[in-house]
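The next block holds one structure in the form of structure tokens; read it before the comments.
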Amino acid sequence: MPKKAVVDRRKCAYCGACVAVCNLNANELIETYLEIKDNCNGCGICVKTCPVGALSLLEV
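Residue 51 is where the sequence shown starts when you use our numbering, and the numbers rise one by one after that.
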């Protein structure tokens, strides 16, 4: 099953770490809102990078 990153907005610190590591530019930080775009391929690097554990992978 394909996967996609999802964000728990209650945990997200909006630090931009996930944006910096995404090779597909699938994560975009807009002020205090993290958008995960449709081109996310579910590689999980952003999940591993998030310092507060706000990201997870969801089967789509």
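Glycine included, each C-beta is placed from N, C-alpha and C at the ideal position. Computed from a prediction, not measured in an experiment: that's the story for all the values here.
For K87, no pairing in a beta bridge is given by DSSP. If you check the CB distance, G92 and K61 do not come in under 7 Å.
With respect to the 7 Å criterion, V97 and L107 are classified as neighbours on the basis of their beta carbons. When DSSP reads this structure, L107 sits in a beta bridge with A55. DSSP lists Y83 as the bridge partner or partners of I80.
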